[in-house]
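So the structure is just underneath, and the comments pick up after that.
Number of protein chains: 2
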Amino acid sequence: MTKNFNFIDKLRKAGLRPTKQRVKICEILFNREKTFHFTINDLAKKISEELNEKISLATVYNTVHAFEKKGYLKEIAINGDKSYFDTNITAHHHFYDEDTHELIDCDQNDIDSINIKNNITGKKINSVEILIKVASDNQNQN
Amino acid sequence: MTKNFNFIDKLRKAGLRPTKQRVKICEILFNREKTFHFTINDLAKKISEELNEKISLATVYNTVHAFEKKGYLKEIAINGDKSYFDTNITAHHHFYDEDTHELIDCDQNDIDSINIKNNITGKKINSVEILIKVASDNQNQN
DNA sequence: CAATAGTTTAGAATAATTATAATATATAGT
DNA sequence: ACTATATATTATAATTATTCTAAACTATTG
Chain A
1 MTKNFNFIDK LRKAGLRPTK QRVKICEILF NREKTFHFTI NDLAKKISEE LNEKISLATV
61 YNTVHAFEKK GYLKEIAING DKSYFDTNIT AHHHFYDEDT HELIDCDQND IDSINIKNNI
121 TGKKINSVEI LIKVASDNQN QN
Chain B
1001 MTKNFNFIDK LRKAGLRPTK QRVKICEILF NREKTFHFTI NDLAKKISEE LNEKISLATV
1061 YNTVHAFEKK GYLKEIAING DKSYFDTNIT AHHHFYDEDT HELIDCDQND IDSINIKNNI
1121 TGKKINSVEI LIKVASDNQN QN
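Protein chains in written order, with the working numbering: chain A, 1 to 142; chain B, 1001 to 1142.
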């Protein structure tokens, strides 16, 4: 469990107190190879599966939002009904599988650089996110 | 009111019964020059402002979703908390003003063509949406 | 180890959306 | 035009997602 020291450190550096709950959530979110796309609900479910303890939903919300504010998580643009978060905070894009409602990372290198010729005057561009919606080829979507 | 005939026709062609409520909603949505970005709530508010009648919220939901299914409206990808719809159903992209929470159309011509080199196997691309988040230049967002 | 500032928690409150079931309306067939 | 039937609308209830609240708890500082 040497990794938990990293999480405690990580939280401290962001000015967040390393509470038990936050460290646990860190373990679930950041102890993994590939990036993790999730809704608050997904995460809450994972917590009760992988941990034996239960963390209050309100705390999950608070923690995720705290992590997002500190840049440890990124909120992803998807059609409005749910809020998705992403542990991959580098600039990248997404495929959204409309059949399975799954989100898949799309490497920035898989898309030729995007050149925006016209910006809103007086504003600066904070981010450019591409969402590529895909679906099974032989399936008719009505 | 010659325009209402168009709406009745439009609804009929989509197999939707031209009810009073649907025609009214058509008037509000499609009797305008520039595209209209809205949440269900925005639309409901507009209805009670511009019309003297009141249409049940459930009907507004049903109608908007029926229109979306028929391709008269497009749902737009934004960070999860709200569902936005767009009367502009042509391929185009959006600026999202994080200061004002306003959505502005971005013409496809203002962005150099996007070339996606790697698709998910067995899937076909249904749409490619770009969201450009902007904010005031001299304002610090924490 | 005590004080305090920040955190967690259960549950209430709010907001967004969908379901329900009764009533009303549009359409097709006469 | 009239009636039967299918579909739509409505108010309200139910559901789901999210935020707020106030009390109990915990990490940090001195």
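A virtual CB, placed ideally from N, CA and C, is assigned to each residue, including glycine.
Source: prediction; values computed, not measured.
Quiz prompt | Per DSSP, cross-strand counterpart(s) of residue 1131 of chain B | solution = Looking up residue 1131 of chain B in the second sequence gives position 131. Answer is A/129 and B/1094, bridged to residue 1131 of chain B.
Quiz item: So, is residue 135 of chain A buried or exposed, given that buried needs 16 or more other C-beta atoms within 10 angstroms?
Solution: Within the first sequence, numbered from 1, the residue matching residue 135 of chain A stands at position 135. Residue 135 of chain A comes out buried.
Quiz item: When the Cα atoms are used, what is the spatial distance from residue 106 of chain A to residue 1115 of chain B?
Solution: The residue given as residue 106 of chain A occupies position 106 in the first sequence. The residue given as residue 1115 of chain B occupies position 115 in the second sequence. Approximately 12 Å, taken between the alpha carbons.
Quiz item: In the structure shown, what three-state DSSP assignment does residue 28 of chain A receive?
Solution: Here residue 28 of chain A is taken as the residue at index 28 of the first sequence, counted from 1. Three-state result, residue 28 of chain A: helix.
Self-check item: Nearest-angstrom Cα separation, counted from residue 124 of chain A out to residue 1040 of chain B
Solution: One-based indexing of the second sequence puts residue 1040 of chain B at position 40. One-based indexing of the first sequence puts residue 124 of chain A at position 124. Each residue's alpha carbon lies about 29 Å from the other.
Exercise. Go ahead and label residue 52 of chain A buried or exposed: buried means 16 or more other beta carbons lie within 10 angstroms of its beta carbon, across all protein chains shown.
Key: Walking along the first sequence from the start, residue 52 of chain A turns up at place 52. Exposed, since its Cβ has fewer than 16 Cβ neighbours within 10 Å.
Quiz item: Rounded to a whole number of angstroms, what is the C-alpha to C-alpha distance between residue 1048 of chain B and residue 1080 of chain B?
Solution: For the purposes of this step, residue 1048 of chain B is taken as the residue at position 48 of the second sequence. For the purposes of this step, residue 1080 of chain B is taken as the residue at position 80 of the second sequence. Their backbone Cα atoms lie some 26 Å apart in a straight line.
Quiz item: Going by Cα to Cα distance, which pick from B/1004, B/1031 and B/1029 is closest to residue 1018 of chain B?
Solution: Here residue 1018 of chain B is taken as the residue at index 18 of the second sequence, counted from 1. Checking every option, the nearest Cα to that of residue 1018 of chain B belongs to B/1004.
Exercise. Please check if any C-beta of chain A sits within less than 8 Å of the C-beta of residue 1131 of chain B.
Key: Working through the second sequence from its first residue, we reach residue 1131 of chain B at position 131. Cβ-Cβ to chain A under 8 Å: yes for residue 1131 of chain B.
Practice problem: For my contact list, residue 7 of chain A and residue 27 of chain A are in at a C-beta cut-off of 8 Å; report their separation, rounded to the angstrom. | Solution: The residue given as residue 7 of chain A occupies position 7 in the first sequence. The residue given as residue 27 of chain A occupies position 27 in the first sequence. Right, their Cβ atoms sit about 7 Å apart.
Quiz item: What number of angstroms, rounded off, separates the C-alpha of residue 104 of chain A from the C-alpha of residue 96 of chain A?
Solution: For the purposes of this step, residue 104 of chain A is taken as residue 104 along the first sequence, with counting starting at 1. For the purposes of this step, residue 96 of chain A is taken as residue 96 along the first sequence, with counting starting at 1. When rounded, the distance between both Cα atoms is 6 Å.
Quiz prompt | Nonlocal neighbours in the same chain, by C-beta distance under 6 Å from residue 108 of chain A, ignoring five residues either side | solution = Position 108 of the first sequence, counted from the start, is the residue given in the question as residue 108 of chain A. Around residue 108 of chain A: 91 and 92.
Practice problem: Could you tell me if residue 1102 of chain B is buried or exposed, where buried requires 16 or more neighbouring beta carbons within 10 angstroms of its beta carbon? | Solution: As a working note, residue 1102 of chain B is residue 102 in the second sequence. Result: exposed.
Quiz item: If we cut at 8 Å on Cβ distances, does residue 1140 of chain B have a partner in chain A?
Solution: The residue given as residue 1140 of chain B occupies position 140 in the second sequence. Any answer about residue 1140 of chain B is weak, because its pLDDT of 46 lies below 50 and its placement is not dependable; what the coordinates show is given next. Output row for residue 1140 of chain B: interface = no.
Quiz item: For residue 1059 of chain B, which residues of its own chain have a beta-carbon under 7 Å away from its beta-carbon, when the five flanking residues on both sides are left out?
Solution: Against the second sequence, residue 1059 of chain B aligns to sequence position 59. Contacts found: 1021.
Practice problem: Please determine, among A/120, A/113, A/100 and A/119, the residue with the shortest C-alpha to C-alpha distance to residue 1117 of chain B. | Solution: Position 117 of the second sequence holds residue 1117 of chain B. Taking only the C-alpha atoms, the option nearest residue 1117 of chain B is A/113.
Practice problem: Compare the Cα-Cα distances from residue 1076 of chain B to each of B/1016, B/1130, B/1014 and B/1011 and report the closest residue. | Solution: Against the second sequence, residue 1076 of chain B aligns to sequence position 76. Of B/1016, B/1130, B/1014 and B/1011, the residue nearest in Cα terms is B/1130.
Quiz prompt | Cross-chain neighbours of residue 1135 of chain B in chain A, by beta carbon under 8 Å | solution = Stepping through the second sequence from its first residue, residue 1135 of chain B is reached at position 135. Correct list: 123, 124 and 126.
Quiz prompt | Counterpart residues of residue 1075 of chain B in DSSP-defined beta bridges | solution = Indexing the second sequence from 1 puts residue 1075 of chain B at position 75. Per DSSP, B/1085.
Exercise. Note down the Cα distance separating residue 1036 of chain B from residue 1074 of chain B, rounded to an integer number of angstroms.
Key: If you number the second sequence from 1, residue 1036 of chain B lands on position 36. If you number the second sequence from 1, residue 1074 of chain B lands on position 74. Looking at the two C-alpha atoms, the distance is approximately 11 Å.
Exercise. Let me know if residue 54 of chain A comes out buried or exposed under the rule of 16 or more other beta-carbons within 10 Å of its beta-carbon.
Key: What you label residue 54 of chain A is simply residue 54 of the first sequence in a count that begins at 1. So residue 54 of chain A counts as exposed.
Quiz item: Of all the CB atoms in chain B, is at least one closer than 8 Å to the CB of residue 105 of chain A?
Solution: Residue numbering aside, residue 105 of chain A sits at position 105 when the first sequence is read from its first letter. Answer no: the Cβ-Cβ gap between residue 105 of chain A and chain B never drops below 8 Å.
Quiz item: What is the rounded straight-line gap between the Cα of residue 1121 of chain B and the Cα of residue 66 of chain A?
Solution: The count along the second sequence starts at 1 and reaches residue 1121 of chain B at position 121. The count along the first sequence starts at 1 and reaches residue 66 of chain A at position 66. Distance between the alpha carbons of residue 1121 of chain B and residue 66 of chain A: 36 Å.
Quiz item: Which residues in the same chain as residue 1071 of chain B place their Cβ atom closer than 7 Å to its Cβ, once the five residues preceding and following it in sequence are excluded?
Solution: Here the question's residue 1071 of chain B lines up with position 71 in the second sequence. Around residue 1071 of chain B: 1089.
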